[in-house]
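**Q** Line order of the protein sequences matches chains B and D. Residue 59 in the numbering used here sits at position 55 of the first sequence, and the numbers go up by one each step. Residue 144 in the numbering used here sits at position 143 of the second sequence, and the numbers go up by one each step.
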Amino acid sequence: MDSDEDLLDAYDGDSAEDYYYSGGDSDVDDYIAGGDEDEDDGGDCGYASDDDSTLRSEKVYTVLKVSDIQQRQEESISHVSSVLSISRVAACVLLCHYKWNVSQLHDEWFADEEKVRRTVGLLSRPVVQFPNAKELTCGICFESHPLDQIHSAVCGHPYCTTCWKGYITTSINDGPGCLLLRCPDPSCRASVGQDMILKLASDEDKEKYSRYFVRSYIEDKKKTKWCPAPGCENAVEFELGSNIYDVTCLCSHGFCWNCTEEAHRPVDCGTVSKWILKNSAESENMNWILANSKPCPKCKRPIEKNQGCMHMTCTPPCKFEFCWLCLGAWSDHGERTGGFYACNRYEAAKQEGLYDEAERRREMAKNSLERYTHYYERWASNQTSRQKAIADLHQMQTVHLEKLSDKLKEPESQLKFVIEAWQQIIECRRVLKWTYAYGYYLPEHEHAKKQLFEYLQGEAEAGLERLHQCAEKELLVFLGDDEPQADFKTFRPKLAGLTRVTRSYFENLVRALENGLSDVNTQPACSTSISSKNADGAGKGKGGKGKGSTSRSGRNAARDGDDDDHWNCDRCTYANPDSVSSCQMCHNER
Amino acid sequence: MANSNLPRRIIKETQRLLSEPAPGISASPSEENMRYFNVMILGPSQSPYEGGVFKLELFLPEEYPMAAPKVRFLTKIYHPNIDKLGRICLDILKDKWSPALQIRTVLLSIQALLSAPNPDDPLSENIAKHWKTNEAEAVETGELTAFLLALRHKKFPSSHSSLLFANFYS
């Protein structure tokens, strides 16, 4: 937790004393990490403020700390108690019952106060009274007690202090139901108020009780959820209706508000759960077994062949000796079948098509396993890389930044571009990781989409590698003991530029993938979301640092350059003769 | 001995159960363990179980009365809310337990459950279905178990019973 707060502190502090002239978006929104205040170092490398930031700064969610939740509860309680002219304790009971929905509570209360009171158990007067008694019998332990040891809820049913304590402890340890505690008398509906519980419960139970109380505010409502990060106690309130569910908690954990898995744009929640299930499922083991083993013809246990010869002997107790190729008994092999090591029975059978079915299934399983492994490995290695980057960022913030600032005699606030680069790397690794799940589920037959996807993904990989390399390796030089200070003046715009280029590329990538790569199907829309943006960037002159932008602006130019006797394909830029109406390379319509 | 530090409440309840038993119910603590009760409930009149005598066991756990007593039928019974092992589906034995309830009230509730089976909240799926689709037949089966029990308790002249036995088991 400490490190996370550091991260955010560093963030907030930096933007406050911003060294570079600001692009106008200085109102800091802590809740959208990296969204806003990193657009301002344009002075050095000639970028204008990026319009993307406005898209990301629309705040659709709020992170609530425990203190925020308590404050909101406090407000609701005060509000209800003053509007309905009831005690705060009664207001708590009502709010717990109405799941903190103040307006519904108001409606029903003013429609039929008696009914609400009855269902919730807010009695107006006692059911039983003992005006002249000096001693009363507790309804639980059946002992007589002096009045000062007898307590009761509004209803007046008398129970002794010890039994009340036992009753309250049991109910608190039974779970959040203790918030709606009623009088022990089975026929009585009177609610037991918070004042009584807090008076009689032990300190430990009181703490549990107030935790349940806070939890009820988040868990009873539809638009609030807890941050799923381990140890994090914040909650996130989400404005229902927005369809971008990625949220970032103050603890820096980014997650999807909809499915509470880690943030996974551009992939949708359904694909993520499929992918996660697939990663953990036994089915892949089965595929492997199917692809790499054959069952022993006698005992049917799967056998993997790991040594050269075809003469197999199953492990005891089976000990069956057979031929790996034809799965026939080894005793049948010999001179008459063409010798031990040339099992022509197999060839003959294959020609007859006897083994086709089993063989084909094995082949298919092997292919699909290889395909899955391909995507999974890349998904997993981006995940590992991201973890490493998170650790590196932490290291940078806690150790290196200070060192660097000492060495270069520059305030840390001026070095925030390094932190931003690392934050961008972390975000990009996340996106890239999920593009592999995206790719795995991209339909096999949509060749054009697949090609475009793989091209975009490849560019993204390359761009990110360049940024990562620059932030990791080239920065090392400045952390060493020598004095390469002159270089730092060129390093700064380089890293800042790469960060910016990579960010906008990834933002476009996410958007394109979320649109299901719709560019592929409709020609007028072609390259609007991706190319035009980058072409724009390239048009601003000095922005040609990212490979992504240069290559695509080139493509754009190609589209315009249709000559007399040929036309250039929009998608693959191939120069086709005028006589054909679809591209000879990628079959894209003209 | 476990019995030496028995809460006053349990002692009082036991005394009252023995001195003024509820009609149709008897409960007496075991000699070795005062928290363990042998219970007999008579099948309520005008119920399928009329004439039957049902044995149950009741145990008061350490947390009693904050936790509910544990009750189980020892006699087999054909009832939608009671399963083959004699476990009972009754709200006050679970989430609706209140320390203000007692052994007596629990046993009275069980007796009432015999009078009014609740097939909507079944423990035994089959019996409940039977009860819902063909109550008359289910009641008959219930009557049958009660009748057999009654036989065991020798409430009928033996000549009569052997004849009926022959009918049921043929």
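Cβ coordinates follow ideal geometry from the N, Cα and C atoms, glycine included. These numbers come from a predicted model, not from an experiment.
Near B/GLY181, what residues of its chain come up, given a Cβ to Cβ distance below 7 Å and the 5 sequence neighbours on each side ignored?
**A** Here residue 181 of chain B refers to the residue found at position 177 of the first sequence. The residues are SER175.
**Q** Interface residues of chain D around B/GLU147 at Cβ under 7 Å?
**A** Along the first sequence, one-based indexing puts residue 147 of chain B at 143. Neighbours of B/GLU147 on chain D, chain order: ARG9.
**Q** State the Cα-Cα distance for the pair B/LEU479 and B/CYS590, rounded to the nearest angstrom.
**A** The count along the first sequence starts at 1 and reaches residue 479 of chain B at position 475. The count along the first sequence starts at 1 and reaches residue 590 of chain B at position 586. Going by the C-alpha atoms only, they are around 42 Å apart.
**Q** Given B/SER555, which residues of its chain have a CB within under 8 Å of its CB, disregarding the five upstream and five downstream residues?
**A** Position 551 of the first sequence, counting from 1, holds the residue named residue 555 of chain B. Low per-residue confidence applies at B/SER555: pLDDT is 38, beneath 50, and the placement is therefore not dependable enough to give any value.
**Q** If you drop the 5 nearest sequence neighbours on each side, which residues of the same chain put their C-beta closer than 6 Å to that of B/TRP279?
**A** Numbered from its first residue, the first sequence carries residue 279 of chain B at position 275. Once the five neighbours on either side are set aside, the close Cβ partners of B/TRP279 are ALA441.
**Q** Are three or more beta carbon pairs between the region 211–228 of chain B and the region 123–142 of chain D nearer than 8 Å?
**A** Not touching, per the Cβ criterion.
**Q** Residues of chain B with CB under 7 Å from D/MET67, in chain order?
**A** Within the second sequence, numbered from 1, the residue matching residue 67 of chain D stands at position 66. Per Cβ cutoff of 7 Å: GLY170, TYR171, THR174.
**Q** Among the residues of its own chain, which have a CB less than 8 Å from the CB of D/PRO70, if the five just before and after it don't count?
**A** Stepping through the second sequence from its first residue, residue 70 of chain D is reached at position 69. Closer than 8 Å at Cβ, skipping near neighbours: LEU59, PHE60, LEU61, PRO62, LEU94, ILE104, VAL107.
**Q** Report all residues from its chain with a CB closer than 6 Å to the CB of B/VAL251; omit the five preceding and five following residues, and keep chain order.
**A** For the purposes of this step, residue 251 of chain B is taken as residue 247 along the first sequence, with counting starting at 1. Excluding residues within five positions, the ones whose Cβ falls inside 6 Å are TYR65, VAL240, TRP261.
**Q** In terms of DSSP beta bridges, what is D/VAL40 paired with?
**A** In the second sequence, counting from the first residue as 1, residue 40 of chain D sits at position 39. Answer is D/ALA28, D/LEU57, bridged to D/VAL40.
**Q** Given that a residue counts as buried once 16 or more other Cβ atoms are within 10 Å of its Cβ, and exposed if not, what is B/HIS449?
**A** Numbered from its first residue, the first sequence carries residue 449 of chain B at position 445. By the neighbour-count rule (16 or more Cβ atoms within 10 Å), B/HIS449 is not buried but exposed.
**Q** By Cβ distance below 8 Å, which residues in the same chain neighbour B/LEU204 in space, the five residues on each side in sequence not counted?
**A** Residue mapping note: residue 204 of chain B aligns to position 200 of the first sequence, counting from 1. So the list reads HIS155, THR165, TRP168, LYS169, ILE172, once near-sequence residues are dropped.
**Q** According to the neighbour-count rule (16 or more other Cβ atoms, all chains shown, within 10 Å of its Cβ), is B/SER531 buried or exposed?
**A** Within the first sequence, numbered from 1, the residue matching residue 531 of chain B stands at position 527. Low local confidence applies: a pLDDT of 39 at B/SER531 is under 50, so the model's placement there is unreliable, and no value is given.
**Q** If we require 3 or more residues per run, which beta strand (DSSP E) segments fall completely within the region 246–272 of chain B?
**A** Counting whole runs of 3 or more residues, the region 246–272 of chain B contains the beta strand (DSSP E) stretches 250–252, 258–260.
**Q** To test your reading of the DSSP string, which unbroken beta strand (DSSP E) runs of 3 or more residues are found completely within the region 82–147 of chain B?
**A** Those beta strand (DSSP E) runs which fall completely within the region 82–147 of chain B and span 3+ residues are 139–141.
**Q** Closer than 9 Å, CB to CB, is B/GLY443 near chain D or not?
**A** Along the first sequence, read from residue 1 onward, the residue named residue 443 of chain B stands at position 439. No, B/GLY443 lies away from the interface with chain D (no Cβ there is under 9 Å from its Cβ).
**Q** Which residue comes first and which comes last in the beta strand (DSSP E) that contains B/TRP230?
**A** On the first sequence, position 226 is the one that residue 230 of chain B refers to. That run of the beta strand (DSSP E) goes 228–230.
**Q** In this structure, how does DSSP classify B/ASN592 when only helix, strand and coil are distinguished?
**A** Taking the first residue of the first sequence as 1, we reach residue 592 of chain B at position 588. In this structure, B/ASN592 counts as coil in the three-state DSSP scheme.
**Q** Output yes if chain B places a C-beta closer than 9 Å to the C-beta of D/THR142; else output no.
**A** By one-based count along the second sequence, residue 142 of chain D stands at place 141. Chain B contact via Cβ: absent.
**Q** Using the three-state DSSP reduction, which class does D/TYR65 fall into: helix, strand or coil?
**A** Locating residue 65 of chain D in the second sequence gives position 64, where the first residue counts as 1. Looking at D/TYR65 - three-state DSSP - the assignment turns out to be coil, as it is neither helix nor strand.
**Q** Taking the beta strand (DSSP E) that D/LYS71 falls in, what are its first and last residues?
**A** By one-based count along the second sequence, residue 71 of chain D stands at place 70. It spans 71–74 - the beta strand (DSSP E) in which D/LYS71 sits, taken as one unbroken run.
**Q** Within this structure, are the beta carbons of D/LYS13 and D/ASN39 separated by less than 9 Å?
**A** Residue mapping note: residue 13 of chain D aligns to position 12 of the second sequence, counting from 1. Residue mapping note: residue 39 of chain D aligns to position 38 of the second sequence, counting from 1. Their beta carbons are not under 9 Å apart, which means D/LYS13 does not touch D/ASN39 by this criterion.
**Q** Short of 7 Å Cβ to Cβ, which residues in the region 98–111 of chain D face chain B?
**A** Flagged, chain order: SER99, PRO100, ALA101, LEU102.
**Q** According to a CB-to-CB cut-off of less than 7 Å, which residues of the region 125–155 of chain B neighbour chain D?
**A** Of all residues in the region 125–155 of chain B, GLY143, ILE144, CYS145, PHE146, GLU147 have a Cβ within less than 7 Å of some Cβ in chain D.
**Q** Which of the three DSSP states, helix, strand or coil, is assigned to B/TRP679?
**A** In the structure as shown, chain B starts at 5 and stops at 594, and residue 679 of chain B therefore has no counterpart that could be examined.
**Q** Based on the DSSP secondary-structure assignment, which residues constitute the bridge partners of B/HIS472?
**A** Reading the first sequence from its first residue, position 468 is the one you call residue 472 of chain B. Paired residue(s): none; B/HIS472 is not in a bridge.
**Q** On the DSSP letters alone, give me the boundaries of the beta strand (DSSP E) that B/TYR65 sits inside.
**A** As a first step, residue 65 of chain B is located in the first sequence; it is residue number 61 there, counting from the start. It spans 65–68 - the beta strand (DSSP E) in which B/TYR65 sits, taken as one unbroken run.
**Q** If the criterion is Cβ atoms closer than 9 Å, does the pair D/GLU144 and D/GLU51 meet it?
**A** Translated into the one-based positions of the second sequence, residue 144 of chain D becomes position 143. Translated into the one-based positions of the second sequence, residue 51 of chain D becomes position 50. The answer is yes: Cβ separation under 9 Å.
**Q** Report buried or exposed for B/LEU281, applying the criterion of at least 16 other Cβ atoms within 10 angstroms of its Cβ.
**A** In the first sequence, counting from the first residue as 1, residue 281 of chain B sits at position 277. Exposed, by the Cβ-count rule.
**Q** Residues of chain A with CB closer than 8 Å to the CB of D/LYS13, please, in chain order.
**A** The structure shown contains no chain A; its protein chains are B and D.
**Q** Please tell me whether B/PRO188 has its Cβ less than 9 Å away from any Cβ of chain D.
**A** Translated into positions along the first sequence, residue 188 of chain B becomes position 184. For B/PRO188, the answer is yes, since a Cβ of chain D falls inside 9 Å of its Cβ.
**Q** Among B/LEU408, B/GLN401, B/ARG504, which has the Cα closest to the Cα of B/GLN428?
**A** As a position in the first sequence, residue 428 of chain B is number 424, starting the count at 1. When each option's Cα is compared against that of B/GLN428, the closest is B/ARG504.
**Q** What does DSSP give as the partner residues of B/MET316 in its beta bridges?
**A** Along the first sequence, one-based indexing puts residue 316 of chain B at 312. Answer is B/PHE326.
**Q** B/PRO234 to B/LEU405, Cα distance in whole Å?
**A** As a first step, residue 234 of chain B must be located in the first sequence, where it is residue number 230. As a first step, residue 405 of chain B must be located in the first sequence, where it is residue number 401. C-alpha separation (whole angstroms): 28 Å.
**Q** Kindly identify the DSSP beta-bridge partner or partners of B/ALA239.
**A** Translated into the one-based positions of the first sequence, residue 239 of chain B becomes position 235. Bridge partners of B/ALA239: B/LEU68, B/TRP230.
**Q** Examine chain D for any beta-carbon lying closer than 9 Å to the beta-carbon of B/TYR163, and answer yes or no.
**A** Taking the first sequence and counting its residues from 1, one reaches residue 163 of chain B at position 159. Yes, because at least one Cβ of chain D sits closer than 9 Å to the Cβ of B/TYR163.
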